[in-house]
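Visitor: In our numbering, the protein residues as written are 12 to 334.
One structure follows; several queries about it will come next.
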């Protein structure tokens, strides 16, 4: 009897002495997985976030690019990772709000329950850009050329079913034009193809294209946002140009595998929220044409659920699907 009581007391003391999940985390480097090649807004934000998150959390934070497969490769990789908070995913909402409605076959991860939502970080400002070699200067000129030359204009994208791709397809449907889709594995390869004259146009984020626009190598015809960008004050919005795209804004968020302990989720969300509000980060966001957009994990989950319904409607409207 005494032995049993002694063992019970030892177990209780051990439990009290053991650190909680949040207290012992992190004890090794954290990886931020990005589903695109280096160079685009998602990758740039991940690399900007990494040092600050590392300082706040007390561990090294590394960025790992896993491009390809229309983000499915990276999404599956993260979904299958250990739910300990050391493998996180910096990405757009497409893996969980767009691809489930787009693919005919089941995805190799569960978009609804396969991830732990941590928080939203920023909104992407983007618009319709063209190569300077096209000589097109306005949305009207783009439409007129496309209608006179069906299938001749090309547009690059980060892959079938991505938000920028669906935005372009929705724009094509509204304007009743035919352009040829050329998919890439990220915004940086799209920009390189535009600069080289291999691709005529793209839905391009302002942060990546601004320098090329100011040097005359690209032209931004209109922004898919509610207001003009301070970086490109002379560029109208699509609505000002006579076109309205009724789609959710594009944002970048942080998630992890399903089952990350709540104390770790709270630590990660707190570090993300504080880092996104620093003066240095806010200045960088403005220069990168990103807008701060923080959230709680619950708000992120609610937003994904709401936007999944919107994107599902857009996909049905366009009649697009992937095998």
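The C-beta atom is built at its ideal place from N, Cα and C for all residues, glycine as well.
Note down, one range per segment and in chain order, each beta strand (DSSP E) of at least 3 residues found wholly within the stretch 172-250.
Guide: 191-194, 212-216, 229-234
Visitor: Hey, out of 98, 45, 245, whose CA is closest to residue 76's CA?
Guide: 45
Visitor: Given a cut-off of 8 Å on the beta-carbon distance, is the pair residue 127 and residue 218 in contact?
Guide: no
Visitor: Check this for me: beta carbons of residue 135 and residue 220, under 8 Å apart or not?
Guide: Residue 220 is positioned such that its CB atom lies no closer than 8 Å to that of residue 135.
Visitor: Compute the Euclidean distance between the alpha carbons of residue 251 and residue 160, then round it to the nearest angstrom.
Guide: Each residue's alpha carbon lies about 25 Å from the other.
Visitor: Assuming contact is defined by CB atoms lying nearer than 8 Å, are residue 133 and residue 303 in contact in what I supplied?
Guide: Yes; because the gap between Cβ atoms is below 8 Å, this pair is in contact.
Visitor: Do you know whose CA, among 273, 237, 56, 177, lies nearest residue 291's CA?
Guide: Among 273, 237, 56, 177, the Cα nearest to that of residue 291 belongs to 56.
Visitor: At 3 residues or longer, what runs of the beta strand (DSSP E) sit wholly inside the stretch 262-319?
Guide: 301-303
Visitor: Does residue 126 come out as helix, strand or coil in the three-state DSSP assignment?
Guide: strand
Visitor: Closer than 6 Å by C-beta to residue 138: which residues in its own chain qualify, once you throw out the five before and the five after it? Chain order, please.
Guide: 231, 233, 234, 235
Visitor: Does the stretch 299-316 come close enough to the stretch 96-103 to have 3 or more Cβ pairs within less than 8 Å?
Guide: no
Visitor: Are there 16 or more other CB atoms within 10 angstroms of the CB of residue 81, so buried, or fewer, so exposed?
Guide: buried
Visitor: Using the three-state DSSP reduction, which class does residue 91 fall into: helix, strand or coil?
Guide: Reduced to three states, the DSSP call for residue 91 is coil.
Visitor: From what residue to what residue does the beta strand (DSSP E) around residue 151 run?
Guide: Residue range 150-159 is occupied by the alpha helix (DSSP H) that includes residue 151, with no beta strand (DSSP E) assigned at that position.
Visitor: Taking all protein chains shown into account, do 16 or more other C-beta atoms lie within 10 angstroms of the C-beta of residue 144, making it buried, or fewer, making it exposed?
Guide: exposed
Visitor: Can you list, in chain order, the residues of its chain with a C-beta nearer than 8 Å to that of residue 170? Leave out the 5 residues immediately preceding and following it.
Guide: 81, 82, 176, 194, 195, 196
Visitor: Give the DSSP-derived three-state secondary structure of residue 48 in the structure shown.
Guide: coil
Visitor: With a Cβ-Cβ cutoff of 8 Å, do residue 331 and residue 113 count as a contact?
Guide: yes
Visitor: Measuring CA to CA, which of 186, 276, 201 is closest to residue 165?
Guide: Restricting attention to 186, 276, 201, the CA atom closest to the CA of residue 165 is found in 201.
Visitor: So, with DSSP's three-state summary, where would you put residue 57?
Guide: In the structure shown, residue 57 adopts helical secondary structure according to DSSP, grouped into three states.
Visitor: Could you tell me the boundaries of the beta strand (DSSP E) in which residue 71 lies?
Guide: No beta strand (DSSP E) contains residue 71, which DSSP labels as neither H nor E.
Visitor: What does residue 81 pair with, by DSSP beta-bridge criteria?
Guide: None, per the DSSP bridge assignment.
Visitor: Nearest to residue 124 by CA position, among 240, 168, 86, is which residue?
Guide: 86
Visitor: With distances taken Cα to Cα, identify the nearest neighbour of residue 68 among 297, 301, 294, 279.
Guide: 279
Visitor: Who are the near neighbours of residue 199 in its chain, counting only those whose CB is closer than 6 Å to its CB and skipping five residues on each side?
Guide: 48, 50, 51
Visitor: What separation, rounded to the nearest whole angstrom, lies between the Cα atoms of residue 316 and residue 111?
Guide: About 12 Å.
Visitor: Compare the C-alpha of residue 248 against each of 156, 148, 237 and name the closest.
Guide: The shortest C-alpha separation from residue 248 is found at 237.
Visitor: Please report how far the alpha carbon of residue 207 lies from the alpha carbon of residue 272, in whole angstroms.
Guide: 48 Å
Visitor: Residue 321 to residue 227, Cα distance in whole Å?
Guide: Rounded to whole angstroms, residue 321 and residue 227 show a C-alpha spacing of 36 Å.
Visitor: The alpha helix (DSSP H) with residue 112 in it runs from where to where?
Guide: 110-113
Visitor: For residue 130, is the classification buried or exposed, using 16 other Cβ atoms within 10 angstroms of its Cβ as the cut-off for buried?
Guide: So residue 130 counts as buried.
Visitor: Just tell me which of 72, 180, 163, 43 has its CA closest to the CA of residue 102.
Guide: Comparing Cα-Cα distances from residue 102 to each of 72, 180, 163, 43, the minimum goes to 43.
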